[in-house]
Amino acid sequence: MQPHLIAPSILSADFARLGEEVDAVLDAGADIIHFDVMDNHYVPNLTFGPMICSALRKHGVKADIDVHLMVKPVDSMIEMFAEAGASMISFHPEASEHIDRSVQLIKQAGCQAGLALNPATPLHYLDHMLDKLDYVLLMSVNPGFGGQSFIPSTLEKVAQVKKRIAASGRNIRIEIDGGVKVDNIRAIAEAGVDIFVAGSAIFNQPDYAKVIAQMREQLAG
Ligand code: DX5
Ligand code: ZN
Numbered sequence: 105m106q107p108h109l110i111a112p113s114i115l116s117a118d119f120a121r122l123g124e125e126v127d128a129v130l131d132a133g134a135d136i137i138h139f140d141v142m143d144n145h146y147v148p149n150l151t152f153g154p155m156i157c158s159a160l161r162k163h164g165v166k167a168d169i170d171v172h173l174m175v176k177p178v179d180s181m182i183e184m185f186a187e188a189g190a191s192m193i194s195f196h197p198e199a200s201e202h203i204d205r206s207v208q209l210i211k212q213a214g215c216q217a218g219l220a221l222n223p224a225t226p227l228h229y230l231d232h233m234l235d236k237l238d239y240v241l242l243m244s245v246n247p248g249f250g251g252q253s254f255i256p257s258t259l260e261k262v263a264q265v266k267k268r269i270a271a272s273g274r275n276i277r278i279e280i281d282g283g284v285k286v287d288n289i290r291a292i293a294e295a296g297v298d299i300f301v302a303g304s305a306i307f308n309q310p311d312y313a314k315v316i317a318q319m320r321e322q323l324a325g
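Spelled out as structure tokens, the structure:
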């Protein structure tokens with residue numbers, strides 16, 4: 105099985121020093137960068153678009169950039185983010201008129217494709233898509249803001265998704281997003297998660313390397 109990946113969400117970074125912040129978390133041991141795109145339409149907050157993603161690439165960021173689209177409509181953003189240097193792109197199925205088409209656009213653009221499911225979004229959205237997805241992003245808070253508390257019922261959802269993936273026979277990763285901390289990461293991993301997004305837990309601490317090392321310690325169990 106693939107190793108656990110730690111994906112700091114730059115939503116909680118200091119935007120005035122974004123390039124340095126991304127360098128700092130990568131130097132501190134992060135695996136990939138989680139990039140939360142919000143449009144004040146699908147979610148009640150507004151963040152950043154493809155120009156900021158390409159600015160990070162120009163700055164020299166080599167790690168995978170994991171773009172989480174919380175936007176509606178979805179499709180127009182896919183190609184722009186792929187060109188801007190995204191490695192992985194996920195979107196929320198409720199925000200796309202044609203889910204299969206959006207996934208195809210992501211794959212055609214050469215990126216890994218993920219479906220992002222909110223805490224109350226049913227798993228039936230996966231029914232006809234598991235053969236095409238590279239990962240499933242499970243929201244463990246309602247999307248829109250960093251710093252919220254992990255919704256415990258998500259753990260059961262992780263287990264259910266894990267079963268569906270096992271039945272599909274495919275190597276599809278599960279990513280968890282929202283409220284991940286040092287003190288709950290182990291239980292989340294035990295439920296079957298592969299990729300851990302953490303925003304406030306990392307960026308609100310002075311020593312990024314220390315938090316990431318503590319997370320890895322928990323994961324090593
Ligand atoms: C919420 C975002 C999350 C968020 C996670 O809409 O998708 O990525 O930044 O932040 P924390 O780790 O602070 O809950
Ligand atoms: Zn996110």
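Count along the sequence shown from 1, then add 104; that gives the number in the numbering used here. Yeah, the Cβ is synthetic: ideal placement off N, Cα and C, and Gly gets one too.
Residue 194 CB to nearest heavy atom of the ligand DX5 below 7 Å: What you label residue 194 is simply residue 90 of the sequence shown in a count that begins at 1. Not under cutoff, so the answer is no.
Residues near residue 209 by beta carbon distance below 8 Å, same chain, minus five either side: Your numbering for residue 209 matches position 105 in the sequence shown. Excluding residues within five positions, the ones whose Cβ falls inside 8 Å are 179, 182, 183.
Inter-residue CB distance, residue 168 and residue 191 (contact presumed, cutoff 8 Å): Here the question's residue 168 lines up with position 64 in the sequence shown. Here the question's residue 191 lines up with position 87 in the sequence shown. Sure, about 4 Å apart at Cβ, within 8 Å.
Residue 243 versus 222, 250, 229, residue with shortest Cα-Cα distance: The count along the sequence shown starts at 1 and reaches residue 243 at position 139. Checking every option, the nearest Cα to that of residue 243 belongs to 222.
Any non-hydrogen atom of the ligand DX5 closer than 7 Å to residue 250 Cβ: Indexing the sequence shown from 1 puts residue 250 at position 146. Yes, Cβ of residue 250 sits closer than 7 Å to a heavy atom of the ligand DX5.
Contact shell at 5 Å, judged by CB to any heavy atom of the ligand ZN, ordered along the chain: In chain order, the qualifying residues are 140, 172, 281.
Coil, strand or helix - residue 274 by DSSP: One-based indexing of the sequence shown puts residue 274 at position 170. Correct three-state label for residue 274: coil.
Contacting residues, own chain, Cβ-Cβ under 7 Å from residue 105 (five flanking each side not counted): Walking along the sequence shown from the start, residue 105 turns up at place 1. Residue confidence for residue 105 is low, a pLDDT of 48 falling below 50, so the modelled location carries little weight and cannot support an answer.
Alpha-carbon to alpha-carbon, residue 302 and residue 147: Position 43 of the sequence shown, counted from the start, is the residue given in the question as residue 147. Position 198 of the sequence shown, counted from the start, is the residue given in the question as residue 302. Going by the C-alpha atoms only, they are around 19 Å apart.
Pairwise C-alpha distance: residue 294 and residue 324: On the sequence shown, position 220 is the one that residue 324 refers to. On the sequence shown, position 190 is the one that residue 294 refers to. Rounded to whole angstroms, residue 324 to residue 294 spans 11 Å at the Cα level.
Of the listed residues 283, 204, 267, nearest to residue 277 (C-alpha basis): Counting from one through the sequence shown, the residue named residue 277 turns up at place 173. If we check each option's Cα against that of residue 277, 267 comes out closest.
Proximity test, residue 108 beta-carbon vs the ligand DX5 heavy atom, cut-off 7 Å: Your numbering for residue 108 matches position 4 in the sequence shown. Not under cutoff, so the answer is no.
Pairwise C-alpha distance: residue 307 and residue 316: Taking the first residue of the sequence shown as position 1, residue 316 is located at position 212. Taking the first residue of the sequence shown as position 1, residue 307 is located at position 203. Taking the straight line joining both Cα atoms gives about 11 Å.
Alpha-carbon spacing of residue 122 relative to residue 114, whole angstroms: Along the sequence shown, one-based indexing puts residue 122 at 18. Along the sequence shown, one-based indexing puts residue 114 at 10. So the two alpha carbons sit approximately 8 Å from each other.
Own chain partners of residue 335 with C-beta closer than 8 Å, once the 5 adjacent residues on each side are dropped: Lying outside 105 to 325, the shown extent of the chain, residue 335 is not represented and no answer is given.
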